[in-house]
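Numbered per full-length UniProt numbering, the sequence shown finishes at 632, counting up by one with no gaps. All residues carry an ideal CB built from backbone N, CA and C; glycine is no exception. Since the model is a prediction, treat every value here as computed from it, not as a measurement.
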Amino acid sequence: MEGKKFDPNSIIGFVLIFGILLWIMWQNQPTEADIAADKVKKELVIQDAKTKEAEAKVAATPAVITAGDTLQLAQLQKSLGDFAYSATLPSANDSYTTIENKLVKLKIANKGGYIVEATLKNFERFKKGSGELVKLIKDNNANLNVQLLTSDNRTLNTKDLYFEPTLTKNGEDQILAMRLKAGANEYLEYKYVLKADDYMLDFDIHSQGLNKVLNVSKPLKLEWDLKSYTNEKSMTTENRYSEMYYEHEDGKSDYLGLGHDESEAAEDVSYIAYKQHFFSSILLTNTPFEKAELYSNNLVKDSETDTIFTKQFKAVVPLAFKNGEIDQKMNWYYGPTDYKLLKSYDRNIEDIVALGWGIFGWINRHAFIPVYGFLSMFIQHGWAIILFTILVKLVLSPITYKSFLSQAKMKVLRPEINELGEKFKKDPMKKQQETMKLYNKAGVNPMAGCVPGLLQMPVFYALFQFFPSAIGLRQEGFLWANDLSSYDSIYELPFHIPAYGNHISLFPILASIAIFFYMKMTTGDQQMAQPQQEGMPDMAKMMKIMIYVSPLMMLFFFNSYASGLSLYYFVSNSITIGIMLVIKNYIIDSDKIHAQIQENKLKEPKKQGKFQRKLQEVMEQAEAQKAKDKNK
């Protein structure tokens, strides 16, 4: 076998290759400059990551530029003039500032400087316990804009411009100043002041140093619009009570109609309220607006499909310059439409609560609200309604008794009145005269049965206004009803019945049954008490029809109405039926009434009242004219 030989050439080759590798490594090692550059690069990467994180939080708009970018700044100045300054500030982004207390939470955006979200912390939408709070403003449903007319003939809108926020505190008061700047010391300011435990906040619009920037020869135009969200179970009922109210001409309260498109021009306006049934957004001003253009549009064309919004409200008012500047002191109210709460501000804004006009509103304000408010402090609202109903019936019981007593007297006199009808069958005028004489001798007033009913009408109508406006009933349950301010559905129908709905409410059914028996009893007694006259059969037939029509109307009308009102009518009519049975069977004695009437006939007739005397004179004149014509 051949032995291995030493090869010097291989050793030389390995040495050369090793040397080349060392030379390459030495040539590529980093210098001090390279190390420093790498360190800077790493820091830039870290800074870039931080910048991106900050941008994600701030969501900076492309409109933001730096003062050093002369080209973009020149373009912006061309379109915005002096207000281009606001776009160069760090606040020129779509962030917002939050101010809140225990009652309300408000978010104010940098863009436009206006409230973009208003949340009521103590109220929930629809079903209690859902956790979804009532938000009067959200998802761009509202906007505030001041139209700026610049001295170089530009028209700018504040809703498109960026404000600079400054949040401070003064004790428990939170003060947010939003400034739209035209320079370091020239600006238009929205100032919000939210106090502790208050739905009302101060809101001022103030300008400084803009007398050369703006055209001060004309007032600025303030525009406030809002699309009202549905917050209640029954959208139909909520829409019925969603209205725009305003006060003008030194204390006159008024509202726009409920049509699809309503508008009004008013002068000296001191507040404008966008009422959403149980909640309201109200703008008040210390110095009345010289004039206001008001608009209300009903957004519900079809109650089955239009279920998000109820009304579109808009108001346009002027902001007048004083000494070349704007200084308008105002207030915002975002809160419940609660009569007592609104009245506590002493600004007449409680007038937006629909309590009825004239005597009806007076009864609600001075009787029903205090009494029911007192009862509901101690017992559940359902039981408070029942006890409240009993109190109302007790107060009206003397009037009810008078009515039944009059019917009983007429019933006793009916045989004698029928005799007069047969005796003077061919002479209706004479029959009326003799009938009136009989009434006078017996001491019976045929109108006495109607007057008590008329006296009760203001009370019934006031209650009809009271219950739908009582925010205390909202989301308060009783028996099967989970919300006394809305309908008490016990069964959902798979179809929709016109004028009735797609559900069945139980309280309206019970109320309709009670009304049926009440009318059955009262109508029967009235028919027996009334004298038989010409045309009476037709009238009796009509009254019999009403016995069935009235409960049916009640059933349809109240099916989607506040169950608290249906509960009241059910209890009220049930109590009335009970009172009627007691009076009829235990209090009114027909034999005693008959004896009293016979005794009255023996006495001198009572002096006729003005109405009876005038009626008697008219009938005598007609009789005389008839005799005169007959002699001719």
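Unbroken alpha helix (DSSP H) run spanning residue i, endpoints
i, result
"G257", "Unbroken run through G257: none, as it is neither H nor E."
"V371", "369-376"
"N140", "Here N140 belongs to no alpha helix (DSSP H), and DSSP marks it neither H nor E."
"G358", "358-363"
"Y568", "563-582"
"L161", "Unbroken run through L161: none, as it is neither H nor E."
"L342", "339-344"
Contacts around residue i, its chain only, beta-carbon distance under 7 Å, and the 5 residues preceding and following it disregarded
i, result
"I378", "Sequence inspection shows Phe at residue 378; the Ile mentioned does not correspond to that position. Answer for F378: no residue qualifies."
"P537", "In this prediction, P537 scores a pLDDT of 49, lower than 50, which makes its location untrustworthy; the coordinate-derived value is nonetheless stated afterwards. Cβ neighbours of P537 beyond the five flanking positions: none."
"G356", "N364, Y461, A462, Q465"
"L288", "Residue identity check: residue 288 is Pro in the sequence provided, not Leu. Excluding positions up to five away in sequence, the list reads D268, V269, S270."
Proximity winner among the options, relative to residue i (alpha-carbon distances)
i, options, result
"A499", "K329, S344, S303, D351", "S303"
"M580", "F460, M554, P398", "P398"
"W383", "N364, T307, F478, V459", "F478"
"G112", "K121, I99, T158", "T158"
"T150", "K121, T522, A84", "A84"
"L391", "V459, K252, K121, L342", "V459"
"D94", "E100, V412, L161, L144", "L161"
"Q518", "R347, L342, T576", "Before going further, note that residue 518 is Tyr rather than Gln in the sequence given. The shortest Cα separation from Y518 among R347, L342, T576 belongs to T576."
"E249", "Y255, E238, D268", "D268"
"Y339", "S280, L319, I386", "S280"
"D197", "Y333, L567, G578, Y401", "Y333"
"Y561", "G501, V582, G578", "G501"
"E189", "K102, L342, M330", "M330"
"F321", "Y199, E422, H496, L214", "L214"
"V316", "M546, S263, T435, N286", "S263"
"N286", "G361, D346, D351", "D346"
"I545", "Y401, K520, A182", "K520"
"L342", "Y199, S406, L394, L375", "Y199"
"L80", "A354, T155, H366, L299", "T155"
"T119", "P336, S253, E419, F558", "P336"
Assumed close pair residue i, residue j - CB separation to whole angstroms, cut-off 8 Å
i, j, result
"Y260", "E232", "For clarity, residue 260 is His in the given sequence; the question names Tyr instead. About 21 Å separates the two Cβ atoms, so there is no contact after all."
"A164", "L89", "Going by the sequence as given, residue 164 is Glu instead of Ala. At roughly 6 Å, the Cβ-Cβ gap stays under 8 Å, so E164 and L89 are in contact."
"G564", "L484", "4 Å"
"K221", "Q328", "Contact doesn't hold; Cβ gap of about 12 Å is too wide."
"Y241", "I349", "No, Y241 and I349 are not in contact; Cβ-Cβ is about 16 Å, not under 8 Å."
"A265", "E247", "No, A265 and E247 are not in contact; Cβ-Cβ is about 15 Å, not under 8 Å."
"F507", "S469", "Incorrect: roughly 18 Å between the Cβ atoms, too far for contact."
"E117", "K138", "5 Å"
"V300", "N239", "5 Å"
Own chain residues within Cβ distance below 6 Å of residue i, not counting five before or after
i, result
"I325", "A small fix is needed here, since residue 325 is Glu in this sequence, not Ile. Excluding residues within five positions, the ones whose Cβ falls inside 6 Å are S207."
"K191", "A177, D204"
"F313", "L226, M244, Y274, S296"
"I99", "L106, Q174, L176, L194"
"S512", "P551, M554, L555"
"Y569", "A511"
"Y114", "L144"
"Y372", "F388"
"A514", "F570, N573, S574"
"S376", "A384, G472"
Cβ-based neighbour list, residue i, same chain, cut-off 8 Å, excluding 5 preceding and 5 following
i, result
"E124", "S130, G131, E132, L133, V134, Q475"
"I308", "Y229, T230"
"A59", "The pLDDT assigned to A59 is 37, lower than 50, so where the model puts this residue is not dependable, and the model offers no usable value."
"P318", "P219, L220, K221, L222, F289, E290, K291"
"Q380", "E476, F478"
Counterpart residues of residue i in DSSP-defined beta bridges
i, result
"V317", "L222"
"V392", "Partner(s): none; V392 has no beta bridge."
"A292", "A266"
"F309", "Y229"
"K275", "E243, S280"
"V116", "Note: V116 sits in no beta bridge, so no partner."
"T522", "Partner(s): none; T522 has no beta bridge."
"V146", "L222"
"L413", "L413 pairs with nothing; no bridge assigned."
Extent of the continuous beta strand (DSSP E) to which residue i belongs
i, result
"Y333", "325-336"
"K105", "104-109"
"K212", "First-last for K212: undefined, no H or E at that position."
"L203", "A quick correction: the sequence has Phe, not Leu, at residue 203. Looking at the DSSP string, the run of the beta strand (DSSP E) that includes F203 is 200-208."
"T168", "164-170"
"L176", "173-181"
"T485", "Checking the displayed sequence, the identity of residue 485 turns out to be Ser instead of Thr. Looking at the DSSP string, S485 is not in any beta strand (DSSP E), and its letter there is neither H nor E."
"K191", "187-194"
"E100", "96-100"
"P498", "Taken as a continuous stretch (DSSP letters only), P498 belongs to no beta strand (DSSP E), as it is neither H nor E."
Within-8 Å CB hit, residue i to chain B
i, result
"G251", "Within the model displayed, chain B is absent; a lone protein chain is all it includes."
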